[in-house]
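Novice:
Residue numbers (the UniProt record's numbering), protein chains in the order written: chain A, 1 to 487; chain B, 1 to 487.
1. Count the other C-beta atoms from every protein chain shown that fall within 10 angstroms of the C-beta of residue 181 of chain A, then say buried if there are 16 or more, exposed otherwise.
2. Taking only beta-carbon positions, decide if residue 16 of chain A is within less than 9 Å of chain B.
3. Checking 9 Å against the spacing of the C-beta atoms, do residue 201 of chain B and residue 449 of chain B come in under that value?
4. How many angstroms separate the CA atom of residue 70 of chain A from the CA atom of residue 38 of chain A?
5. Can you find a C-beta in chain B that's less than 9 Å from the C-beta of residue 227 of chain A?
6. Could you check which residue in A/306, A/288, A/184, A/54 has the C-alpha nearest to that of residue 158 of chain A?
7. Indicate whether at least one CB of chain A lies closer than 9 Å to the CB of residue 167 of chain B.
8. With 9 Å set as the bound, which would you pick, yes or no: does the beta-carbon of residue 59 of chain B sit closer than that to a beta-carbon of chain A?
9. Would a C-beta distance cut-off of 9 Å place residue 234 of chain A and residue 280 of chain A closer than the cut-off?
10. Distance check for residue 337 of chain B and residue 169 of chain B, CA to CA, integer angstroms please.
11. Measuring only from the beta carbon, is residue 39 of chain B closer than 8 Å to any heavy atom that is part of the ligand NAP?
12. Counting only C-beta atoms, is residue 391 of chain B closer than 9 Å to chain A at any point?
13. Does the CB of residue 353 of chain B have a neighbour CB from chain A at under 9 Å?
14. Check the Cβ of residue 196 of chain A against every Cβ in chain B and list those closer than 7 Å, keeping chain order.
15. Considering just the uninterrupted stretch of the beta strand (DSSP E) at residue 162 of chain B, what are its terminal residues?
16. Taking just the CA atoms, how far does residue 228 of chain B sit from residue 210 of chain A?
17. Name, please, each residue of chain B whose Cβ falls closer than 9 Å to the Cβ of residue 183 of chain A.
18. Is the separation between the beta-carbon of residue 310 of chain A and that of residue 156 of chain A shorter than 9 Å?
19. Could you check the C-alpha separation between residue 217 of chain A and residue 230 of chain A for me, to the nearest Å?
20. Does any CB atom of chain A fall closer than 9 Å to the CB of residue 465 of chain B?
21. Would you mind giving the Cβ-Cβ distance between residue 194 of chain A and residue 419 of chain B, rounded to the nearest angstrom? I have them listed as a contact below 8 Å.
22. Counting contacts by CB-CB distance shorter than 9 Å, is residue 453 of chain B in contact with chain A?
23. Starting from the Cα of residue 493 of chain A, find the closest Cα among A/223, A/173, A/77, A/43 and give me that residue.
24. What ranges does the beta strand (DSSP E) occupy inside the stretch 293–338 of chain A, keeping only unbroken runs of at least 3 residues that lie completely in it?
25. One question on the structure: do residue 344 of chain B and residue 276 of chain B come within less than 9 Å of each other, judged by their Cβ atoms?
26. For a test of the three-state rule: what should DSSP assign to residue 97 of chain B, helix, strand or coil?
27. Rounded to the nearest angstrom, what separates residue 142 of chain A and residue 403 of chain A at their Cα positions?
28. Drop a sphere of 10 angstroms on the beta-carbon of residue 28 of chain A, count the other beta-carbons inside from all chains shown, and report buried for 16 or more, exposed for fewer.
29. Residue 241 of chain B by DSSP, collapsed to three states: which one?
30. Between the beta-carbon of residue 243 of chain B and the beta-carbon of residue 259 of chain B, is there less than 9 Å?
31. If you draw a straight line from the alpha carbon of residue 20 of chain A to that of residue 467 of chain B, how long is it in whole angstroms?
32. Please list, in chain order, all residues of the same chain as residue 251 of chain A whose beta carbon is under 6 Å from its beta carbon, the five residues on each side excluded.
33. Under 8 Å between beta-carbons, which chain A residues line up against residue 421 of chain B? List them in chain order, please.
34. Report buried or exposed for residue 304 of chain B, applying the criterion of at least 16 other Cβ atoms within 10 angstroms of its Cβ.
35. Does residue 251 of chain A come out as helix, strand or coil in the three-state DSSP assignment?
36. Looking at C-alpha atoms only, which residue of B/456, B/434, B/454, B/461 is the closest neighbour of residue 185 of chain A?
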């Protein structure tokens, strides 16, 4: 980074003074390009600057400066979000949290840890593993995503079926509000907070209500044992029914994942191939954890159910190494699509489990209708689908077609009483699709909350809720990104 | 109820027209007296009227009428709340939900049921028990409290240690907002809702943000087996350490309850005596559930821990009958205090589990300082204390002393990083104590939310947050109630 500020822009000069000078701010176009999008790459926009505060006070100063100078701003963690929540669509000042990455304290007795928002998800588990504890939410990006970002998006993960998503593991937050106030919601405290559930409200608010600067999380004791089952099916519907049967039997697996043929093609072509047969229709990856004595019985039940549902082959991981390989293979999931397609768009719909066969069939129809392959790799146990629409942005019109196909998949979810996001958030990707699940009054109840916290909409504005002008502008920019790729 | 309206009050006449006429409204003083308080009996105030709508549309009409005529109003379930949330301190029109008590649907496959707010908590479990399912939140008042009231207060219960409080079991809500809008947050849908967490925000908002008219709850499969342990200790600290040891061992009991000597004296004098020895210092009631194979191992661990902590006697329930008797004895808890004291005030503090011995000792000191007996009967596993301050309101000044002692107990909880309510809510009882855990900015962030939903504060106004005038007025009325009792 530059040692001296090479611009006369007074905002840049002033912002630099609020942090540690030139080494804590980026403002040159070549530096800003890395921040023009997040994990949702279809829309790009350059920020005005990126600042790197090192503590809460600096965050509050930056927020105060932006608020009083009418500069839009937003917070960014590792930038792995999948719905565009960290994209500076208004040329925001990005407040990067990556230097606020301390593990502040661990309190094993009361099962909690306090971290800064830039702390990487998996590091927490790694730090406490030898004491027999872990942090449960495990998004596929857990080796690089930050807990602050997880809070913003209410991130999920494979093991959220049994253990719940991020919001179920947040005990306290310190937050800088858009007016510069610093509030502490139970950050040094315990699980129950009187009054309105601000913790729940801020968690998953996609960076539009405040900037989280400290997080108290729940940590869990490692289960005594875990066992993992891999099952190959010749029919998707048999796999789907097996999912229903397992849950109906009263088993709550720690994870219950499904991949279809196209998804398997992808993960087998990526970094951690397992050797799955290529001609199966679907696989299930099922993990059970708990007390050793109880697990064997559950595993036997699961094997029986798979057999009744005509499984071609089913096996239990023989050791931790095999289990880890199966999971590494699963977790390459989305990125692996790059091995079989120029581009992909991941969707994130949720449906009642009982509708699984019906909705997977509908997604098949959408794939045929748009002439685009759609891979399915998802958290089957909680009905959280991830249709991956494969396309090639270099082909004129295909980006738009992919977006339409993705939207149709979400409509299919909403139509069976489902939802348009389970763990990736709405961001700029699904603003219009919010209308699939909410009417005007319901949207108004939400936007009024934003107005309270964020009256000028300077903090991460123009996201999360449909606003016709904004959606049109984003769609227009998406077309431009597509055109640029074709050129 | 009267067949003809015997008043010329135009509001009463108009409200009657919005429901089924005279049989759906109470307005005579003798009828209103039953509604002058809820489970928090220290403050009383007559409502203007009580109306009994039979569906959402009637609720919306009543709300619209009140809003446009500047009449304060509030919703009431069974009136078992313990912090005064349903007391009409402003002479509200009470909207009673007791006629909206249908079980609308049960969907076992997707583990959810839809109920009206007046549906009684325990009825749901009774309705689905033969199919092998149950509804988890189990406040001690579950045989009469309504699920609507549980949502308002985010009610807990003995089994919330493992299964979570009400908010963890709410999948959707239909709500009439104070402006008359009816919003449906995922009422026919599934677990994940995009946008801000309105479900979480409304659950536990103590009837100040909207009136819930339909509720989708999660239902759970019955555990395969459960076993219950009763352990008697000669020292409170031994019991406290046993609690810590059990949780540290990685066991998550379904319930982990504690009662001290005074509490035992009460429950043994009430409807379901068990024959607990009267000379012990504390007992633990511990329940483990799950897969049969795993439970025996956990029970053995628990017995070992109790022995290491010098238990005098410990036993496992021999059959369902014995288990049920132990629980019936525990659940008479608060009411049982009536057998040993003229009056009692129940508090509801939460502390980190590791602070249990320290805080119980502090409560002892408070008891001595105020010269009032304090019984402790509480959810030890999640650190949710219920000090019961015993007093006699007929003795001049003793009500005030009890209130002060109760407040001191909550301060003791807050001082160790705890909270002032775990499951009973703030209501009118703990408004001032909110300052123990929140500063002005933090309170402002919450009251701004109320302003959004409830700008004129007509819905259940003057509760939940400290406002000096209001607190003084409530305290004054408490003194009047106390004086009236002495007379």
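Ideal Cβ positions, reconstructed from N, Cα and C, are used throughout, including at glycine.
Specialist: Reading it off the structure:
1. The residue labelled residue 181 of chain A in the question sits at position 181 within the first chain. Its Cβ being crowded by 16 or more others within 10 Å, residue 181 of chain A is buried.
2. Stepping through the first chain from its first residue, residue 16 of chain A is reached at position 16. No, residue 16 of chain A does not count as interfacial toward chain B.
3. Position 201 of the second chain, counting from 1, holds the residue named residue 201 of chain B. Position 449 of the second chain, counting from 1, holds the residue named residue 449 of chain B. Going by C-beta atoms, residue 201 of chain B is nearer than 9 Å to residue 449 of chain B.
4. Taking the first chain and counting its residues from 1, one reaches residue 70 of chain A at position 70. Taking the first chain and counting its residues from 1, one reaches residue 38 of chain A at position 38. Cα to Cα, the separation comes out at about 24 Å.
5. Within the first chain, numbered from 1, the residue matching residue 227 of chain A stands at position 227. Chain B, which has no Cβ nearer than 9 Å to the Cβ of residue 227 of chain A, makes this no.
6. As a first step, residue 158 of chain A is located in the first chain; it is residue number 158 there, counting from the start. Of A/306, A/288, A/184, A/54, the residue nearest in Cα terms is A/288.
7. Residue mapping note: residue 167 of chain B aligns to position 167 of the second chain, counting from 1. With 9 Å as the cut-off, residue 167 of chain B counts as an interface residue toward chain A.
8. As a working mapping, residue 59 of chain B is identified with position 59 in the second chain. Chain A contact via Cβ: absent.
9. Numbered from its first residue, the first chain carries residue 234 of chain A at position 234. Numbered from its first residue, the first chain carries residue 280 of chain A at position 280. Yes, the pair counts as a contact, with Cβ atoms nearer than the cut-off.
10. Here residue 169 of chain B refers to the residue found at position 169 when the second chain is read from its first residue. Here residue 337 of chain B refers to the residue found at position 337 when the second chain is read from its first residue. Their Cα atoms are separated by approximately 31 Å.
11. With respect to the ligand NAP, the structure shown offers nothing to examine, as it has no ligands at all.
12. Here residue 391 of chain B refers to the residue found at position 391 when the second chain is read from its first residue. No, no contact with chain A.
13. As a position in the second chain, residue 353 of chain B is number 353, starting the count at 1. By this cut-off, residue 353 of chain B is an interface position.
14. Here residue 196 of chain A refers to the residue found at position 196 of the first chain. Going along chain B in sequence order, the residues near residue 196 of chain A (Cβ under 7 Å) are 201, 205, 446, 449.
15. Along the second chain, one-based indexing puts residue 162 of chain B at 162. Run containing residue 162 of chain B: none in the beta strand (DSSP E); it sits in the alpha helix (DSSP H), 160–163.
16. Reading the first chain from its first residue, position 210 is the one you call residue 210 of chain A. Reading the second chain from its first residue, position 228 is the one you call residue 228 of chain B. Cα-Cα distance, rounded: 45 Å.
17. Here the question's residue 183 of chain A lines up with position 183 in the first chain. Under the 9 Å cutoff, chain B gives 438, 439, 441, 442, 444, 445.
18. For the purposes of this step, residue 310 of chain A is identified with residue 310 of the first chain, where counting begins at 1. For the purposes of this step, residue 156 of chain A is identified with residue 156 of the first chain, where counting begins at 1. For residue 310 of chain A and residue 156 of chain A, no; Cβs fall outside 9 Å.
19. Taking the first residue of the first chain as position 1, residue 217 of chain A is located at position 217. Taking the first residue of the first chain as position 1, residue 230 of chain A is located at position 230. Approximately 31 Å between the Cα atoms of the pair.
20. Translated into positions along the second chain, residue 465 of chain B becomes position 465. With its beta carbon less than 9 Å from one in chain A, residue 465 of chain B belongs to the interface.
21. Start at 1 with the first residue of the first chain, and residue 194 of chain A comes out as number 194. Start at 1 with the first residue of the second chain, and residue 419 of chain B comes out as number 419. Sure, about 6 Å apart at Cβ, within 8 Å.
22. Walking along the second chain from the start, residue 453 of chain B turns up at place 453. So yes, residue 453 of chain B belongs to the interface.
23. For chain A, the structure presents residues 1 to 487; residue 493 of chain A sits outside this window and is missing.
24. 311–316
25. For the purposes of this step, residue 344 of chain B is taken as the residue at position 344 of the second chain. For the purposes of this step, residue 276 of chain B is taken as the residue at position 276 of the second chain. At least 9 Å separates the beta-carbon of residue 344 of chain B from that of residue 276 of chain B.
26. By 1-based counting over the second chain, the position of residue 97 of chain B is 97. Coil.
27. In the first chain, residue 142 of chain A corresponds to position 142, counting from 1. In the first chain, residue 403 of chain A corresponds to position 403, counting from 1. Their Cα atoms are separated by approximately 26 Å.
28. Translated into the one-based positions of the first chain, residue 28 of chain A becomes position 28. It counts as exposed.
29. Indexing the second chain from 1 puts residue 241 of chain B at position 241. Correct three-state label for residue 241 of chain B: helix.
30. Position 243 of the second chain, counted from the start, is the residue given in the question as residue 243 of chain B. Position 259 of the second chain, counted from the start, is the residue given in the question as residue 259 of chain B. No, the pair does not count as a contact, with Cβ atoms beyond the cut-off.
31. Taking the first chain and counting its residues from 1, the one referred to as residue 20 of chain A is at position 20. Taking the second chain and counting its residues from 1, the one referred to as residue 467 of chain B is at position 467. Each residue's Cα considered, the two are about 42 Å apart.
32. As a working mapping, residue 251 of chain A is identified with position 251 in the first chain. So the list reads 298, once near-sequence residues are dropped.
33. As a working mapping, residue 421 of chain B is identified with position 421 in the second chain. Ordered by position in chain A, the residues that pass the 8 Å Cβ test against residue 421 of chain B are 192, 194.
34. Locating residue 304 of chain B in the second chain gives position 304, counting from the first residue. Under this definition residue 304 of chain B is an exposed residue.
35. Here residue 251 of chain A refers to the residue found at position 251 of the first chain. Residue 251 of chain A: coil per DSSP, three-state reduction.
36. In the first chain, residue 185 of chain A corresponds to position 185, counting from 1. The shortest C-alpha separation from residue 185 of chain A is found at B/434.
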